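Enquirer: In the working numbering, the protein residues as written are 1 to 194. C-beta atoms are modelled at their ideal positions from N, C-alpha and C, and glycine is treated no differently. Source: prediction; values computed, not measured.
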């Protein structure tokens, strides 16, 4: 059986740990193995969310019914749609560049990421951007740097920087780009869970 990696979140969506699914996907109860000694962190919660790394791994909400060492038995209570993966937001701080897609300005400008999700990016910009403006951003956290189009949704309040902070969503992604971004989000989460 192929190893299926899951991210474990609490009921509010806060990442807790990573796990491997050890039972078949269609089992009435799921058996998971918690990785890197985080079983006590997960065991503090009664209800958890399981978010699969790839599209063929269904996302679920479930109750912890049993635990022995690093293994847990989970009773699924609800299915989560693909939005659960898209809404997973990981704090990160990589530096990169963006390019104009609209022609309103020219050249490349520096950005600093604040957080990354499968659906978008929050970043500090070296120049003011307009709402709904589309820019091309280089994501250096994927296996190979990826240039993606992102649409500015709104400016976010932030007192920690003199540069404006923007929420944006990825637009016009192809399936391979989505998979690379999802893998990067999970990889960042895995490395911060150590």
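Does the count of Cβ pairs from the stretch 112-132 and the stretch 167-186 closer than 8 angstroms reach three?
Expert: Yes, they touch.
Enquirer: Which one or two residues does DSSP pair with residue 65 in a beta bridge?
Expert: The residue given as residue 65 occupies position 65 in the chain shown. Looking at the DSSP assignment, residue 65 forms no beta bridge with any residue, so it has no partner.
Enquirer: Tell me whether the beta-carbon of residue 141 lies closer than 9 angstroms to the beta-carbon of residue 188.
Expert: Working through the chain shown from its first residue, we reach residue 141 at position 141. Working through the chain shown from its first residue, we reach residue 188 at position 188. In contact: residue 141 and residue 188 (Cβ atoms closer than 9 angstroms).
Enquirer: Given a threshold of 16 other Cβ atoms within 10 Å of its Cβ, counted over all protein chains shown, does residue 174 qualify as buried or as exposed?
Expert: To locate residue 174, count along the chain shown from 1; it is residue 174. With fewer than 16 other Cβ atoms within 10 Å, it is exposed.
Enquirer: Near residue 72, which residues of its chain fall below 6 angstroms by C-beta distance, leaving aside the five closest residues on each side in sequence?
Expert: Taking the first residue of the chain shown as 1, we reach residue 72 at position 72. The residues are 32, 64.
Enquirer: Could you tell me the boundaries of the alpha helix (DSSP H) in which residue 39 lies?
Expert: For this step, residue 39 is matched to residue 39 along the chain shown. Its alpha helix (DSSP H) spans residues 39-43.
Enquirer: For residue 54 versus residue 4, is the C-beta spacing smaller than 9 angstroms?
Expert: Position 54 of the chain shown holds residue 54. Position 4 of the chain shown holds residue 4. Cβ atoms of residue 54 and residue 4: closer than 9 angstroms.
Enquirer: Quick one: grab the DSSP three-state call for residue 152.
Expert: As a first step, residue 152 is located in the chain shown; it is residue number 152 there, counting from the start. Here residue 152 sits in strand by DSSP.
Enquirer: Measuring CA to CA, which of 28, 101, 61 is closest to residue 12?
Expert: What you label residue 12 is simply residue 12 of the chain shown in a count that begins at 1. Residue 61 is the option with its Cα nearest to residue 12.
Enquirer: Given residue 126, which residues of its chain have a CB within under 6 angstroms of its CB, disregarding the five upstream and five downstream residues?
Expert: In the chain shown, residue 126 corresponds to position 126, counting from 1. Taken in chain order, the residues that qualify are 109, 110.
Enquirer: Judging by CA-CA distance, which residue of 149, 79, 135, 41 is the nearest neighbour of residue 59?
Expert: Within the chain shown, the letter at position 59 stands for residue 59. The candidate whose alpha carbon is nearest that of residue 59 is 79.
Enquirer: Could you tell me the alpha carbon to alpha carbon distance between residue 47 and residue 67, rounded to whole angstroms?
Expert: To locate residue 47, count along the chain shown from 1; it is residue 47. To locate residue 67, count along the chain shown from 1; it is residue 67. Approximately 13 angstroms, taken between the alpha carbons.
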